[in-house]
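Respectively, the protein sequence lines represent chains L and R.
Here full-length UniProt numbering is used: the first residue of the first sequence is 1, the next is one more, and so on.
Here full-length UniProt numbering is used: the first residue of the second sequence is 1, the next is one more, and so on.
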Amino acid sequence: MRPFDYAAPRTVEEALAQHADGAAYLAGGTSLVDLMKLDVARPHRVVDVNSLPLHGVTTDERGLHLSALERLGDLARHPAVADGHPVLRQALLASASPQLRNMATIGGNLLQRTRCGYFRDTAAACNKREPGSGCAARTGDNRGHAVLGAGPSCVATHPSDPAVALSALDALLELHGADGVREVPLNSFYRLPGETPQTETVLRPGELITRVTVPPLPGADRSVYVKVRDRRSYEFALVSAAVAVDLHDGEVRGVRIALGGVAPRPWRAHAAEQALTGREFTRANALEAAAAAADGAEPLSGNAFKIELVRRTVGHALTRLGGR
Amino acid sequence: MAKPLIGTATARVDGTAKVTGRADYAADRTEPGLAHGHLVLSTAGRGTLRSMDVTAAEAAEGVLAVYSPFNPLKLHRIKTTPDVCFVGQFWLPLQDQEIRHYGQIIGLVVAETFEQARHAASLIRAEYDLLPVRADFAGRIAHAVPPPVAINHEDPQVDLLAEEFGTVDEALAAGPVQVRATYTQPPEAPLALEPHACLASWSEGVLTLRVGSQSPVGGALAAAETLGIGLDQVRVLSPYVGGAFGGKLYIWPHPLLTAAAARELGRPVRTVLTQEQVFTTVGHRSAVSQTLALGAERDGTLVAVKHDAVSSLSLSGVIYETAAHTTSRYTYKSPSLHVGQRIVPLDSPPTTWVRAPGEAPGAFALESAMDELATELALDPVELRMRNYATVFPGRGVRWSGKHLDECYRVGAERFGWQPRTAPRPQPAEDSDQVWLTGTGMAGATYPGNLLPTTLANVRLRADGTATVATATSDPGTGMRTVLAMVCADDLGIPVERVEALVGDSALPLNYGAFASMGTSSSAGAVRSATTALKQRLLDLAAGDARSPFHGLAAEALAYRDGRVVGGGHSLTFAELLAATGLSELDSPGASAPGAERLRFAVHSFGAHFCELRVNRWTGEVRLDRWTSVIDGGTIINPRTARAQIVGGILFGIGQALLEGIRVEPDTGRFANGNLADYLVPVHADMPDFDIHFLDHPDTDFTPLGARGIGELGVVGTAAAIANAVHDATGRRVRDLPITVDKLL
């Protein structure tokens, strides 16, 4: 890997000050260090944020607060996560492997880079890695790529599992930057590729995720994360679905369906949500909603199966939650 | 006499060293002045390397040298063939500007540290003049050609037809029931946990090359030939090898370049390949497409078997999968039989031997087709196999030295609780709440029993009461070291803790190594030969040496028992006898070699697999729940490591069935998933519960010890058993591996 400077600040303010153009924040390192070895990430400076005071899980009337440096493994074991948020706990446990979950942080996980094989190979054309160079995946090996929200410039998917659960839970992200603190809904945090696939989020230069908040949400306790993958563990999703149903006397008062593995960001299946809202939670209604889960999908040469798999995965999730 | 060790589950003699980090793998070693090599690979699939800009790399910190076709390390042209010389490919890197496949070696950077070498390598820019790449196996099957050389001493097409038929198609047509299908599988990689790594150091013109190898002797042959030195000027050391699976049989070019760089720089050089580099710089298993037709009577009796295989063959190598000749050629009794093999030459990295080469793909097709025939006939698949049981090798008229496959089926079915079936399993109603569909499947397995050419061993008794056994084989995780120590300890009547087994060194007595499941049969035979001779030497010493208490007695009046020489009222341990006669040690060579048994018998190991799995009705995910295998491998010397071998083989087959496959970009030849993140192998969570049972039928017509090979048998038939169980569960027949969810929606 390329030579780089290293800084290990102890406060958020120091971290922001030490982050300069071409720098990268290092948390768990499970993604960044890989990409540095592959010569895909080439930071001049690595700002190690592990010493920042961004630990702890708390709850208050605004919801469940997860500090950004909490490790995925610790969060999965935390009673406040397990109580009332099965979808989040399941998504955490479905991530990577135990060793990786013990290193990876929730803040870093949300900023994980795509697993697109062309992004990770410096010899390939990739607009995300090298804007303007093209997209080898559109005509290449694209079995794992996006069917929703992609564009001519890029068909990569976002690989995180927890982000999908947090999307369904309408989570909020606390961001610290040079201009101060702001809060952004996770569902507005990620950008679609458009003409600038290299810009994946609304983060400003140097801005740091410091906290994730899961607001109180009716139905969060009736939630599930279904992850479909080729291998039973230690593998990214082909398709995943995070589903939470707010049920009242057998009627669906609200439903949240987020998809993973199929889009450049966690993808809310609004058409499916609308199809089920206000209706009786029966198997037939659940399947009708699931059929709408991939609305707008456009397959590539190698991933048309994902469209059917989305419908089936959402159908499986809804019936697991009692839609029968 | 102490309880014999052979047949007793025995812990690996090197297990503690391995789990405590004391095992000395090639990449673990450091030496004073060590420099680090890093390969540079091509990003074009065919053509000519026009130029390489190495200015920035040469100027980078710590760089000692940047070798390329424009600044080559001289290697001597291979005079023989890629297999005979153990290099694995025809050509050697950096000797010309030709690009023969994507990811071939075009440079070696040597620097003071690994990171410096890798960084400098990333600064190199290559320019190519491109030619069209021939990498699309499926698209080129129509252009397949016969292979250039015989397969198992037979023609690429073998027809053994009943008298009344002129062609196998006529014979097939005469069967009232026929099945015919095409089975395909992608190329597969022999991935090992230990990365391919080497450390080369020269001292007074003699090369010491540390490299994880299945064949240290083969590595020495390759190094001598390509580096232009004598065999006495090279020593290859592979004391520990972290998995090999065929991928470490040949040495491949990177250790040869590393050795050449070490010679030129006058410093030891270590090169550790990244796993991405392993995919294209060492060999892989051919892509295979097989068409199988079975003709049968209504009672299931086969009237004709027609099996045609097409395999990819790298234009860089000579090895490819011979799927029909290694399975349908002999597995079932059939009055008419046809096997055929063709190849599709490709601009790909070398194709090579990968665990159960030929048998693994061949059995996927044959044992799937037998299941399809059973379904067609509404006959239980075990019963169908029994109705076509072969007792003589078709066309040769010889029986097997030992064949108990029928017992494998029977015992396996009992242990598994196999329910004979004659009809498809009923499927749940469309709106059923049932999530998982359960299915069971079975398949048979065969693998030939072979012996290495002349294999030597040496056994040495020492005055401290210990013994050493030495042979130049390798223990790539198979348990070879333990097996050799056990045979030696049994023969000498001493505890295994007092035997040290020396392997993994080309300077030890000649042994071509661990491959083709013949390591144990061959090496253990040489050890037994050595201990037999050594015990006689000891008795001769006891009778003949004036300082011996036995002096004056005839050697015939003495006996060796449980580590002691006894006779004439005396009983001395060998240590006491060596001390009495003033010797510090006494040794003897031994040898084994194939004999006339190959003419009198067919020799194979056999097995039967039974598995139960579930398929998720919603998502198509397959979950293996339990697995029974019954193995007929002759004498099982160490049931503990033997079980590990079979389980490991089945796991290899599970990967083949459900996960593995190199996705080759047809236009570039690039391996799209050529890394361990995207090329999936099974993890622990993918494993079923295993019930592995060994039959106890020593094959003394094969060797005196009666042990046949089992290292590859576990792979064979595994993919078919899984595909058959998926069919049982879902009614879907998947004939294209791997069986991924997209094929089950």
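All C-beta atoms, glycine included, are put in the ideal place defined by N, C-alpha and C.
For the pair S215 (chain R) and R643 (chain R), the Cα-to-Cα distance works out to about 23 Å. If you look at D74 (chain L), you'll find it in the alpha helix (DSSP H) that goes 72-77. According to the DSSP secondary-structure assignment, M52 (chain R) is paired through a beta bridge with R:A126. Between the alpha carbons of F574 (chain R) and V483 (chain R) lies a distance of about 22 Å. V46 (chain L) and Y225 (chain L) have their C-alpha atoms spaced approximately 34 Å apart.
Contact between the region 373-382 of chain R and the region 572-591 of chain R is absent: fewer than three C-beta pairs spanning the two stretches fall below 8 Å. Around R191 (chain L), the same chain offers T199, E200, T201, V202 as residues with beta carbons nearer than 7 Å, after the five sequence neighbours per side are excluded. Three or more Cβ pairs drawn from the region 117-137 of chain R and the region 43-63 of chain R lie within less than 8 Å of each other, which places the two stretches in contact. Rounded to whole angstroms, the separation of the alpha carbons of V177 (chain R) and A423 (chain R) is 17 Å.
With a 10 Å radius around the Cβ and a threshold of 16 neighbouring Cβ atoms, S523 (chain R) comes out buried. The DSSP assignment places complete alpha helix (DSSP H) segments of no fewer than 4 residues inside the region 130-180 of chain L at 162-168, in order along the chain. Cβ neighbours of A533 (chain R) within its own chain (closer than 8 Å, five residues either side excluded): S588, P589, G590.
For G595 (chain R), the closest alpha carbon among the candidates R:H570, R:V109, R:S521, R:A542 is that of R:S521. Using a Cβ-Cβ cut-off of 8 Å, V683 (chain R) counts as an interface residue toward chain L, since at least one Cβ of chain L sits closer than that to its own. In this structure, A263 (chain L) sits away from A292 (chain L), with a CB-CB distance that is not shorter than 8 Å. Not flagged as an interface residue toward chain R: V224 (chain L), since no C-beta distance is shorter than 8 Å.
Close partners of V741 (chain R) in chain L (Cβ separation under 8 Å): V228, D230, L238, F305, L309. Secondary structure of H85 (chain L) (DSSP, three-state): coil.
Neighbourhood of D678 (chain R) in chain L, by CB distance below 7 Å: G117, in chain order.
K74 (chain R) is classed as exposed because its beta carbon has fewer than 16 other beta carbons within 10 Å across all chains shown. Taking 8 Å as the CB threshold, R89 (chain L) stays off the interface with chain R. Note on the region 322-410 of chain R: whole alpha helix (DSSP H) runs with a minimum of 4 residues are 359-377, 381-387, in chain order. A contact is defined here as three or more CB-CB pairs under 8 Å, and the region 499-507 of chain R meets this definition with respect to the region 235-249 of chain R. When Cβ-Cβ separations below 8 Å define contact, H44 (chain L) makes no contact with chain R. Three or more beta-carbon pairs separated by less than 8 Å link the region 437-445 of chain R to the region 601-608 of chain R, which places the two stretches in contact. Within the region 244-300 of chain R, the runs of beta strand (DSSP E) at least 3 residues long that lie entirely inside it are, in chain order, 269-272, 288-296.
Put simply, the CB of E235 (chain L) is near chain R, with a gap under 8 Å to one of its CB atoms. At least 8 Å separates the CB of S432 (chain R) from every CB of chain L. Under DSSP, the beta-bridge partners assigned to A244 (chain L) are L:S223, L:R256. In this structure, I141 (chain R) sits near V344 (chain R), with a CB-CB distance shorter than 8 Å.
For A123 (chain L), the chain R residues whose Cβ falls inside 7 Å of its Cβ are T43, in order along the chain. Shown here for P476 (chain R): same chain residues with a beta carbon closer than 7 Å to its own, the five before and five after excluded, namely Q214, V241, G243, A244, K248, A514 in chain order. Scanning its chain for C-beta atoms nearer than 8 Å, with the 5 sequence neighbours on each side dropped, one finds around R312 (chain L) the residues A290, in chain order.
Runs of the alpha helix (DSSP H) lying entirely within the region 599-657 of chain R, each at least 4 residues long, are 639-654 in chain order.
With distances taken between CA atoms, I78 (chain R) lies nearest to R:G317 out of R:D431, R:N152, R:G317.
Of the residues assessed, R12 (chain R) falls on the buried side of the cut-off, its CB having 16 or more other CB atoms within 10 angstroms.
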